[in-house]
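Residue numbers (my numbering): 25 to 547.
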Amino acid sequence: MTGRAADGHNGAAMAASEQSAEQTRTAGLGVLSITFAKLYFIVCGYAVQLMLPRLLGSPEQFGLYSSAMSVVSILNNVLIVATIQTVSKRVSEDEQAAPTTLRQALSLQAVIGLMLAGTLFVAAPLLAERVLLDPLMAPLFRVAAAVVFSYAIYASLVGSLNGRQLFVRQAGLDLTYTTLRTLCILGAAGLGFGALGAVSGFACAAGGVLLVALLVVGLGRSGAGAPLKTWLVLMAPLWIYQLCLNLTLQVDLTVLKRSVAELSIGSGMAAAAAADVASRMSGFYRAAQTFSFVPYQLILSVTFVVFPMVSQAVAIGDGEATRRYIHGAMRFSLIVLCAIAAPISGAAMGVMRIAYPDAYLAGSEALTVLSLGMVCFALFVIGATILSGAGRPSVAAAIAATTVVLVVGCNVAFVRAVGVGDNTLLAAASGTSVGTAFALVTVAMAVRMRFGAFLPPLTVVRVLAAGGVGWMTARNLPSDTALAALLALIAGGLAYLAALAILRELGRPDLTAILAIVRRRRG
């Protein structure tokens with residue numbers, strides 16, 4: 025090789041190395057930015073849920089807000105996830121055509137958003153009076169329709185940024201929206217505008233961030249885009265799966281509100297009084313949900329790791345690596361989930377006392393059951409992600425759809441069986457937990473049939489035994505004050521970890537693996 029050729033070769037190698045290093049830095053900064061934005065969103069979300077009951081002044085008002093948001097959030101979450109993933113995929117496949125793709129996405133989402141928001145606006149009285157038996161909810165649904173429309177378009181803009189790997193800008197928009205949402209909701213409630221004011225604050229924040237996003241991202245440009253069929257083929261499975269997931273997670277609150285109102289009217293109570301009772305119980309149940317969702321939200325990041333790893337292993341036909349990934353992801357998730365859920369379930373009354381006025385202690389028994397049900401749900405979601413990564417999204421969607429039917433059926437049956445009283449909320453939580461347990465067992469069978477792996481049986485036995493120790497410890501310690509409740513939670517968590525160590529489920533290999541991860545991150 026001549027000197028000039030060698031220099032050229034070395035120069036190309038250096039350029040490639042610098043480009044690779046720049047890509048690594050970009051990816052690392054993007055991950056940190058998005059992670060920070062998501063953590064900020066979770067923290068602010070909990071701030072809203074914990075402060076609203078006090079600002080709204082009554083469980084009935086909090087129940088009204090929660091019932092409306094439970095319905096609207098199902099639409100919003102499906103719109104956000106399905107749209108971002110679809111637009112991101114289309115943009116990343118051909119970045120040169122990103123402006124054209126964005127314009128087409130905005131046009132499509134404007135139509136979808138207008139249809140959904142328009143339907144919600146027009147059907148608000150029917151949904152409020154006939155389905156939820158509470159006319160006071162109609163104005164909340166009509167205001168929330170603006171959120172649905174804004175989300176449909178906003179998700180397209182964020183998806184374009186994601187597909188172009190402009191993660192810092194994406195995180196900036198998310199941070200802006202989270203801040204606006206928190207301030208507007210709490211501000212309106214604090215000024216005394218009640219549940220309708222809180223929903224209006226939500227709508228103002230959604231509209232405000234949409235305007236900001238349009239200024240930051242733009243409208244793209246006209247051009248020959250992909251056929252509509254291409255978009256629908258990508259979006260339809262995502263819509264179905266995400267819709268079923270969100271229904272499983274939140275439909276029980278809607279079923280509870282209707283069932284309580286219906287039973288109260290049947291017992292001779294006036295319709296307005298029955299609606300108040302249903303709203304009050306919905307407020308208590310939503311407070312319990314807030315804490316039961318903690319383990320699921322914290323472990324959700326596992327899905328972003330396990331999906332590409334399983335996809336790659338399946339693509340190259342490495343069955344052993346696939347089984348190793350499944351075992352590792354499921355074992356890690358079960359250990360972490362139970363570390364959080366067992367103490368929360370055990371000290372449920374104390375947990376409610378930490379964050380809410382004493383009236384909300386009525387939801388403590390529901391939290392005891394629901395937090396364990398959410399462990400099943402979180403493990404199901406990870407298992408469904410494994411199936412999707414292996415090219416079986418239809419199986420995951422079918423299990424999710426069946427789970428929704430079971431959750432609704434069990435909630436209706438259990439609440440009707442106990443009636444309106446001290447056990448109503450416990451019955452609703454039990455109905456949801458039966459459904460999520462079914463989802464976990466079914467997805468476990470599907471994953472094991474496909475790969476011959478899921479959760480190691482001995483791990484399940486040991487973790488459940490340790491979870492029982494943590495639960496009993498938290499349950500039997502005093503929790504009659506906020507400080508005592510916090511200490512009970514800590515003691516329950518430590519007892520759980522000690523039991524895992526004694527049972528040799530948690531040992532030196534786990535510590536070595538954690539230290540190795542820390543060293544790699546520092547490097």
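From the three backbone atoms N, C-alpha and C, an ideal C-beta is built for every residue, glycine too.
| field | Beta-carbon proximity of I423 to V467, cut-off 8 Å | value | In contact: I423 and V467 (Cβ atoms closer than 8 Å).
| field | Terminal residues of the alpha helix (DSSP H) in which Q274 lies | value | 252-290
| query | When DSSP labels each residue in this structure, what does Q313 get in the three-state scheme? | reply | helix
| Residue environment, F60, which counts as buried when at least 16 other CB atoms sit within 10 Å | F60 sits exposed, since fewer than 16 C-beta atoms from the chains shown fall within 10 Å of its C-beta.
| For G494 versus P367, is the C-beta spacing smaller than 8 Å? | yes
| message | So, at 8 Å on beta carbons, what are the nonlocal neighbours of R24 in its own chain, with the 5 sequence-adjacent residues on each side left out? | response | Residue 24 falls outside the range modelled here, since the chain spans only 25 to 547, and no answer is possible.
| message | Looking at V240: is its Cβ nearer than 8 Å to the Cβ of I350? | response | no
| field | Option in M75, V223, I364, R377 with minimal Cα separation from S395 | value | Ranked by Cα distance from S395, the options M75, V223, I364, R377 are led by I364.
| query | When you compare only the Cα positions, how much space is there between E389 and S112? | reply | 42 Å
| Given V393 as reference, the closest of T460, I410, R377 once Cα atoms are compared | Nearest C-alpha to V393: T460.
| message | Using CA atoms only, rank isn't needed, just tell me which of Y309, C228, G232 is closest to L273. | response | Restricting attention to Y309, C228, G232, the CA atom closest to the CA of L273 is found in Y309.
| field | Alpha carbon of S596 to alpha carbon of L449, nearest angstrom | value | In this structure the chain extends from 25 to 547, so residue 596 is not present and cannot be described.
| query | Cα-Cα, which of A237, L238, G211 is closest to G225? | reply | G211
| Thinking C-beta only, is P83 closer than 8 Å to G221? | no
| Can you tell which of E344, L511, I526 has its C-alpha closest to the C-alpha of G476? | E344
| field | Rounded straight-line distance, which links the Cα of R78 to that of G218 | value | 11 Å
| Once you ignore the five residues that flank V419 on each side, which residues in its own chain have a CB closer than 7 Å to its CB? | Shown here for V419: same chain residues with a beta carbon closer than 7 Å to its own, the five before and five after excluded, namely L411, A470 in chain order.
| With a cut-off of 8 Å, do at least 3 Cβ pairs link the region 86-98 to the region 166-177? | Yes, the region 86-98 touches the region 166-177.
| query | Taking C-alpha atoms, which residue in A229, F401, Q133 lies nearest to R205? | reply | A229
| query | Straight-line CA distance for L358 to A297? | reply | Going by the C-alpha atoms only, they are around 43 Å apart.
| query | Is A237 closer than 8 Å to A57 when the C-beta atoms are compared? | reply | Note that residue 57 is Ser in the sequence shown, not Ala. No, they are not a contact pair.
| Shortest alpha-carbon distance to R166 belongs to which of L126, Y89, V182, G232? | Y89
| query | Which residue from L215, L267, Y178, E153 puts its Cα closest to that of A421? | reply | L267
| Going by alpha carbons, who is nearest to E286 out of E153, T427, G516? | E153
| request: Determine the closest residue to I65 out of L156, G142, L207, with distance taken between C-alpha atoms. | output: The sequence shown places Phe at residue 65, rather than the Ile named in the question. The candidate whose alpha carbon is nearest that of F65 is L207.
| message | For K253, count the other beta carbons within 10 Å of its own beta carbon; 16 or more makes it buried, fewer makes it exposed. Which is it? | response | exposed
| Taking Cβ to Cβ, would you say R347 is nearer than 8 Å to S503? | no
| query | When DSSP labels each residue in this structure, what does I340 get in the three-state scheme? | reply | coil
| said: Which same chain residues end up closer than 7 Å to M161 when comparing Cβ atoms and leaving out the 5 residues on each side of it in sequence? | reply: L88, S91, A92, A152
| message | My output table needs one value for D382: the three-state DSSP class, helix, strand or coil. | response | helix
| task | Starting from D198, follow the alpha helix (DSSP H) in both directions and report where the run begins and ends. | result | Start and end: 191-214.
| request: Rank N447, A515, L103, R474 by C-alpha distance to the C-alpha of L269 and give the top, closest one. | output: L103
| said: I need the DSSP call for A470, collapsed to helix, strand or coil. | reply: helix
| field | Whole-angstrom C-beta distance between I323 and A213, which should lie under 8 Å | value | With a Cβ gap of about 30 Å, A213 and I323 do not count as contacting.
| request: Check L530 in the structure and name its three-state DSSP category. | output: coil
| message | Quick check on DSSP: helix, strand or coil for R188? | response | coil
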